[in-house]
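One structure is given here, and the rest of the page talks about it.
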Amino acid sequence: MIELPVYDLKGKQVDTFSVNEALLGGEIRPALLKQAYVRSHANRRQGSARTKNRSRVEGSTRKLFKQKGTGNARRGTVRTNVMKGGGVAFAKTRTGEDFRKDMPRKMRRLANRNALLAKAVDQEIKIIDRIDFEAPKTAEFKSLLDKVGIDRSCLVALDSKNVNARRSARNLDGVDTIRWEQLNAFELLNHRYLVIEKANLQAFLDGSHCTGEAKNRSAATKGGR
């Protein structure tokens, strides 16, 4: 079991939270985490980079001068790739779908939990008993992060209804917010620390978000029928 401290909004430790390594994969699996990270990174590519080949460049198709007798090298149209303003020899035409990678659902979920395990082992999870702000206050949120020892990039996992906390964190450099149900290996590995409410962390470990995904898929299937 890994013991993590639980803080209040004033940065004072009020409790401890026990994390069972077995629920998060038992051990850190670098190969799995890399596969999940590369997949997420590749699937974010737009694939919108485009260059024109000689057939797409505007210009005359007239041969610039005759093939022989001028003493110059043979020359075709002004749209060839050796001419300034001509086409590109190997034009970029790939779309975003060409870069997409797939990964079984069980492996994705295990990678998400394993990334959380890596954070827990390094004591990089900062658990707050309850993140509740009466109004958006960036200074108060910054003070909370300083008191719990956040000195690098930070991912704040919040409930969808916690609007004030999200607005308090969005103006801070190096701080990003995410819904706790959407925690994934890519975002966890991109940030040094994770800040999360005690109840939300417990719900994630219990697999409540997975139940919601199953219900959504079931509803989508019935709707498709």
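Counting from 31, one number per residue, gives the positions in the sequence shown under our numbering. Note that CB positions come from ideal geometry on N, CA and C, so glycine has one too.
Helix, strand or coil at residue i [DSSP, three-state]
{"i": "Phe129", "result": "helix"}
{"i": "Lys156", "result": "strand"}
{"i": "Ala148", "result": "helix"}
{"i": "Lys122", "result": "coil"}
{"i": "Gln232", "result": "helix"}
{"i": "Leu202", "result": "coil"}
{"i": "Ser78", "result": "coil"}
{"i": "Lys40", "result": "coil"}
{"i": "Ala52", "result": "helix"}
{"i": "Ala195", "result": "helix"}
Residues that residue i bridges to, as DSSP identifies them
{"i": "Thr46", "result": "Pro35"}
{"i": "Ala187", "result": "Ile208 and Ile226"}
{"i": "Lys96", "result": "DSSP, once it has assigned bridges, lists no residue as partnering Lys96."}
For residue j and residue i, the rounded distance between their alpha carbons
{"i": "Ala150", "j": "Arg197", "result": "26 Å"}
{"i": "Arg138", "j": "Thr125", "result": "24 Å"}
{"i": "Phe171", "j": "Val112", "result": "58 Å"}
{"i": "Lys82", "j": "Ala103", "result": "24 Å"}
{"i": "Ser209", "j": "Ala195", "result": "The amino acid at residue 209 is misidentified as Ser; the sequence shows Arg. Each residue's Cα considered, the two are about 12 Å apart."}
{"i": "Gln76", "j": "Lys131", "result": "13 Å"}
{"i": "Val225", "j": "Asp128", "result": "35 Å"}
{"i": "Met31", "j": "Ser48", "result": "6 Å"}
{"i": "Met133", "j": "Arg69", "result": "8 Å"}
{"i": "Ala121", "j": "Thr107", "result": "18 Å"}
{"i": "Ser261", "j": "Glu88", "result": "The shown model of the chain, from 31 to 255, leaves out residue 261, and the question about it has no answer."}
{"i": "Val193", "j": "Gly55", "result": "32 Å"}
Supposed close pair residue i, residue j - CB separation, criterion 8 Å
{"i": "Asn144", "j": "Leu231", "result": "Their Cβ separation, rounded to whole angstroms, is 15 Å, which puts Asn144 and Leu231 out of contact at 8 Å."}
{"i": "Tyr37", "j": "Lys167", "result": "Contact flag wrong, Cβ pair sits at about 17 Å."}
{"i": "Ala215", "j": "Thr207", "result": "Not a contact, Cβ separation roughly 17 Å."}
{"i": "Leu53", "j": "Leu218", "result": "Not a contact, Cβ separation roughly 16 Å."}
{"i": "Arg84", "j": "Gly116", "result": "6 Å"}
For residue i, the first and last residue of its enclosing alpha helix (DSSP H)
{"i": "Lys114", "result": "Run containing Lys114: none; DSSP gives neither H nor E here."}
{"i": "Pro60", "result": "Pro60 to Asn73"}
{"i": "Lys217", "result": "Correcting the residue type first, residue 217 is Glu in the shown sequence and not Lys. Start and end: Ala215 to Leu219."}
{"i": "Thr168", "result": "Thr168 to Lys177"}
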